[in-house]
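Let me begin by presenting the structure, written as structure tokens, before commenting on it.
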Amino acid sequence: MIDSRWTKKDELIDILMDLKHDLGKYVFLHLSHLTTDSPADMIEEALHAALFETRKIGVEHQSAEQIWLRYKSEIDALDYPFGGYERLVNAANETLAMKRFLTSGGESAPPHVGQIQKIARGISETIMQIIEEEQGE
Amino acid sequence: MSERVRLLLIDDGDTYADLIQTRMPEFELVAPPGPSPWLKDGPSAIGFLADNTASIDAVLLDMHFDIPEERLFPLDDSSSLRRTKRFQGVAILREIHERFPSLPVVLLTSLEDLSLVDAATDLVSQSMTYVLDSNDVDALRVRIHSATQSNRTDGDTRILWGEDAQMKAIHRRLTVLAKGGMPIILEGETGTGKSYLAEQFVHLRSERSGPFVVLDLSTVPSNLVSSHLFGAVKGAYTGAVETRKGVFEMANGGTLFIDEIQNAPLEIQKQLLLVLQDRKVRPLGATREIHVDVKVVAASNRPLDEAVAAGTFRPDLYMRLSPATRVHIPPLRKRIGDLAFLAKRFTERAFYREDIAALCAEVAPALGVSVIRGLQLVVGRERHDDEKDTLLLVVPKPVWKMLESHHWPGNIRELEMLIYNLITFTLVDAIDAVRRNISLSSNQLQVDTGLVGNLLQGAMAVPLSSSEEFSAGLRAPNQLPVTVHPGATLNEVAKEVERQYFLSLFKRCKRDFSEMALMLLGDETKARSVRLRFNQLGLKVREIE
Numbered sequence: 003m004i005d006s007r008w009t010k011k012d013e014l015i016d017i018l019m020d021l022k023h024d025l026g027k028y029v030f031l032h033l034s035h036l037t038t039d040s041p042a043d044m045i046e047e048a049l050h051a052a053l054f055e056t057r058k059i060g061v062e063h064q065s066a067e068q069i070w071l072r073y074k075s076e077i078d079a080l081d082y083p084f085g086g087y088e089r090l091v092n093a094a095n096e097t098l099a100m101k102r103f104l105t106s107g108g109e110s111a112p113p114h115v116g117q118i119q120k121i122a123r124g125i126s127e128t129i130m131q132i133i134e135e136e137q138g139e
Numbered sequence: 013m014s015e016r017v018r019l020l021l022i023d024d025g026d027t028y029a030d031l032i033q034t035r036m037p038e039f040e041l042v043a044p045p046g047p048s049p050w051l052k053d054g055p056s057a058i059g060f061l062a063d064n065t066a067s068i069d070a071v072l073l074d075m076h077f078d079i080p081e082e083r084l085f086p087l088d089d090s091s092s093l094r095r096t097k098r099f100q101g102v103a104i105l106r107e108i109h110e111r112f113p114s115l116p117v118v119l120l121t122s123l124e125d126l127s128l129v130d131a132a133t134d135l136v137s138q139s140m141t142y143v144l145d146s147n148d149v150d151a152l153r154v155r156i157h158s159a160t161q162s163n164r165t166d167g168d169t170r171i172l173w174g175e176d177a178q179m180k181a182i183h184r185r186l187t188v189l190a191k192g193g194m195p196i197i198l199e200g201e202t203g204t205g206k207s208y209l210a211e212q213f214v215h216l217r218s219e220r221s222g223p224f225v226v227l228d229l230s231t232v233p234s235n236l237v238s239s240h241l242f243g244a245v246k247g248a249y250t251g252a253v254e255t256r257k258g259v260f261e262m263a264n265g266g267t268l269f270i271d272e273i274q275n276a277p278l279e280i281q282k283q284l285l286l287v288l289q290d291r292k293v294r295p296l297g298a299t300r301e302i303h304v305d306v307k308v309v310a311a312s313n314r315p316l317d318e319a320v321a322a323g324t325f326r327p328d329l330y331m332r333l334s335p336a337t338r339v340h341i342p343p344l345r346k347r348i349g350d351l352a353f354l355a356k357r358f359t360e361r362a363f364y365r366e367d368i369a370a371l372c373a374e375v376a377p378a379l380g381v382s383v384i385r386g387l388q389l390v391v392g393r394e395r396h397d398d399e400k401d402t403l404l405l406v407v408p409k410p411v412w413k414m415l416e417s418h419h420w421p422g423n424i425r426e427l428e429m430l431i432y433n434l435i436t437f438t439l440v441d442a443i444d445a446v447r448r449n450i451s452l453s454s455n456q457l458q459v460d461t462g463l464v465g466n467l468l469q470g471a472m473a474v475p476l477s478s479s480e481e482f483s484a485g486l487r488a489p490n491q492l493p494v495t496v497h498p499g500a501t502l503n504e505v506a507k508e509v510e511r512q513y514f515l516s517l518f519k520r521c522k523r524d525f526s527e528m529a530l531m532l533l534g535d536e537t538k539a540r541s542v543r544l545r546f547n548q549l550g551l552k553v554r555e556i557e
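Chains A and B are the protein sequences, given in the same order. Positions in the first sequence are counted from 1; adding 2 to them yields the working numbering. Positions in the second sequence are counted from 1; adding 12 to them yields the working numbering.
Rendered as structure tokens:
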């Protein structure tokens with residue numbers, strides 16, 4: 003008989019899916035039009051939007067950090083240990099750390115587009131990987 | 013159609029709207045007047061689409077909607093609120109497929125994300141649904157182009173579908189049948205759009221690279237059918253002065269539309285059967301067979317099973333064409349609920365004809381505008397449009413009822429011609445008025461009742477020479493022949509038409525005014541009114557045999 007009870011694992015997968023949508027999808031979307039030829043100010047503008055206006059709903063702007071902290075607190079509150087937790091936190095931190103590429107962030111040379119797109123893609127890939135691991139167990 | 017691709021965006025957030033507006037100038041977001049050029053939930057989007065499908069090239073639909081529960085469409089019975097929000101796009105997509113099956117929808121999500129949900133993958137594998145290869149701007153641009161391109165190439169058939177449930181079912185069925193190599197049988201009265209659907213829908217969706225070729229068997233002499241179908245080498249028969257390719261060979265790799273297949277001579281039917289079975293044709297007089305890969309769409313204006321029963325169509329060919337692929341296109345009178353949809357679309361389409369555009373250009377100065385930008389048909393005084401550069405063709409409600417009760421023997425083709433004539437004559441009248449210094453009070457041009465009556469009668473007018481003609485070839489009780497002669501005024505002509513109609517109906521109803529009242533007014537107790545009108549028209553019972 004199939005166990006149809008809603009488990010903490012199901013809850014975790016649900017939260018991860020939402021995180022992938024709200025954080026992974028939108029951070030990358032803001033950066034996806036950039037090419038290696040894009041001028042520095044365009045890169046700066048896109049990166050700023052990706053990190054600080056990650057989701058725009060009317061006048062409300064949600065930053066990547068706000069989104070991450072909201073979901074992290076949900077995951078922590080779930081009290082369900084899972085193997086990918088550390089990888090997830092690292093990927094999220096790496097995403098948020100892209101602010102170092104902004105002029106105000108301290109680095110003087112403009113970032114390489116390929117590098118920031120790779121980092122931005124990384125959070126989605128990590129989440130997807132963890133979801134598949136959890137679903138496979 | 014405007015140059016820019018018109019999109020309806022359904023998204024709870026602003027990010028996609030910003031992206032499209034700043035990075036994709038080739039696209040235009042269409043939405044009701046308001047602060048945002050997009051819609052934020054399913055119910056408002058479905059409501060907007062109900063009136064605006066024709067002006068939208070594609071829908072962009074987000075998947076995750078973080079909106080109040082009361083604005084969500086249910087996903088399924090067991091879904092949590094969180095899940096319903098996350099896959100709200102699937103629920104909205106289901107509604108769009110159901111109500112507007114020919115409208116392309118681009119889902120603003122990637123296949124990877126959808127792979128997490130079985131139900132979603134099933135749904136998005138349906139026709140007219142496009143999913144992004146990845147969540148990036150280029151993937152979005154590519155998908156919008158492919159969705160709208162596909163809809164523009166078969167897009168003209170959107171005009172045929174309407175909202176009728178039968179047509180929606182046919183749309184779904186033809187979408188499936190178009191793919192693969194199976195033949196299709198299209199049945200339906202003349203003018204229902206069979207050849208149009210074959211070319212603009214089946215062929216374009218068949219994903220075949222070869223050409224679309226037509227053979228209308230009602231126009232080919234029986235002794236030449238074989239050479240038209242299969243080809244002939246020079247000298248194969250008297251008159252074959254040069255080698256001729258048959259339509260099967262011409263359509264190789266593509267689609268062959270055989271119209272009026274029920275007219276194929278029996279001996280040809282046997283040959284057709286062999287070609288369909290073996291996928292080879294041998295032109296007349298040729299020594300070698302040619303392999304052909306052709307999707308056959310066979311059309312008939314009467315049910316082929318009746319032709320089989322009557323012995324005029326081979327049962328084995330019928331079975332080979334496969335009755336399971338039979339699609340019956342209903343006559344217009346059986347989908348009369350679509351009349352307004354079709355009439356409005358034909359009006360909009362007529363605006364792009366050169367002759368209509370020229371007439372509109374003559375009307376424009378009288379409205380104080382330099383150019384007319386659109387033409388719309390409205391029923392009754394249903395709207396007041398302040399945009400003077402759009403001409404409104406107002407059909408009074410009684411006239412509309414007349415159209416609804418018409419039998420439409422020529423179906424959609426007849427409707428399109430009627431609308432075209434209606435527009436032409438109404439514009440000509442408006443121009444005449446302007447020339448006589450009668451100013452146009454507004455951009456609303458009322459359609460003349462008599463004109464519609466004339467056009468409807470004219471469409472089926474046959475000379476009335478004897479009473480025997482009442483029963484000859486006339487199917488509907490309200491379809492009666494009249495003969496139209498030029499008159500000094502339209503009123504005079506209309507009166508004569510009405511007189512003839514009353515006379516015909518009087519005979520058809522066996523001199524029973526109650527029955528006439530039932531047919532004309534839907535109320536048999538109004539016989540007295542009919543009798544009065546009868547007399548006003550100068551008709552006298554005692555003088556009619």
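Glycine included, each C-beta is placed from N, C-alpha and C at the ideal position. Please read all numbers here as calculations on a predicted model, not as lab measurements.
Residue j beta carbon less than 8 Å from that of residue i
i: residue 354/B; j: residue 174/B; result: yes
i: residue 531/B; j: residue 464/B; result: no
i: residue 73/B; j: residue 119/B; result: yes
i: residue 85/B; j: residue 100/B; result: yes
i: residue 308/B; j: residue 268/B; result: yes
i: residue 190/B; j: residue 218/B; result: yes
i: residue 337/B; j: residue 195/B; result: yes
i: residue 291/B; j: residue 304/B; result: yes
i: residue 232/B; j: residue 296/B; result: no
i: residue 306/B; j: residue 242/B; result: no
i: residue 80/A; j: residue 129/A; result: no
i: residue 375/B; j: residue 368/B; result: no
i: residue 61/B; j: residue 43/B; result: no
Closer than 8 Å to chain A by CB, residue i
i: residue 367/B; result: no
i: residue 25/B; result: yes
i: residue 124/B; result: yes
i: residue 144/B; result: no
Whole-angstrom distance between residue j and residue i, CA atom to CA atom
i: residue 234/B; j: residue 240/B; result: 10 Å
i: residue 343/B; j: residue 423/B; result: 6 Å
i: residue 488/B; j: residue 416/B; result: Any reading at residue 488/B needs caution, since the residue's pLDDT is 49, under 50, leaving its predicted position unreliable; the model's value is listed next. Whole-angstrom Cα-Cα distance: 14 Å.
i: residue 10/A; j: residue 19/A; result: 14 Å
i: residue 114/A; j: residue 24/B; result: 32 Å
i: residue 66/B; j: residue 59/B; result: 14 Å
i: residue 289/B; j: residue 332/B; result: 8 Å
i: residue 104/B; j: residue 176/B; result: 20 Å
i: residue 39/B; j: residue 387/B; result: 23 Å
i: residue 478/B; j: residue 378/B; result: With a pLDDT of 31 at residue 478/B, under the threshold of 50, the modelled position of that residue is not reliable, and the figure given next carries that caveat. Their Cα atoms are separated by approximately 48 Å.
i: residue 509/B; j: residue 547/B; result: 15 Å
Reference residue i, options the options, closest by Cα
i: residue 339/B; options: 209/B, 199/B, 358/B and 50/B; result: 199/B
i: residue 208/B; options: 327/B, 219/B, 225/B and 502/B; result: 225/B
i: residue 298/B; options: 249/B, 362/B and 409/B; result: 249/B
i: residue 257/B; options: 278/B, 227/B, 277/B and 272/B; result: 227/B
i: residue 468/B; options: 392/B, 447/B and 419/B; result: 419/B
i: residue 204/B; options: 179/B, 185/B, 215/B and 184/B; result: 179/B
i: residue 46/A; options: 14/A, 77/A, 83/A and 103/A; result: 103/A
i: residue 81/B; options: 55/B, 544/B and 69/B; result: 55/B
Exposure label - residue i; buried when at least 16 CB within 10 Å
i: residue 61/A; result: exposed
i: residue 474/B; result: Reliability of the predicted coordinates at residue 474/B is poor, the pLDDT of 37 falling under 50, and no value is obtained from them.
i: residue 223/B; result: exposed
i: residue 125/A; result: buried
i: residue 98/B; result: buried
i: residue 137/A; result: exposed
i: residue 53/A; result: buried
i: residue 75/A; result: exposed
i: residue 497/B; result: exposed
i: residue 117/A; result: exposed
Residue-level contact to chain B via CB, residue i, 8 Å cutoff
i: residue 43/A; result: no
i: residue 28/A; result: yes
i: residue 25/A; result: no
i: residue 31/A; result: yes
Neighbour list for residue i in chain D, Cβ cutoff strictly below 8 Å
i: residue 58/A; result: Among the protein chains of the structure shown, namely A and B, there is no chain D.
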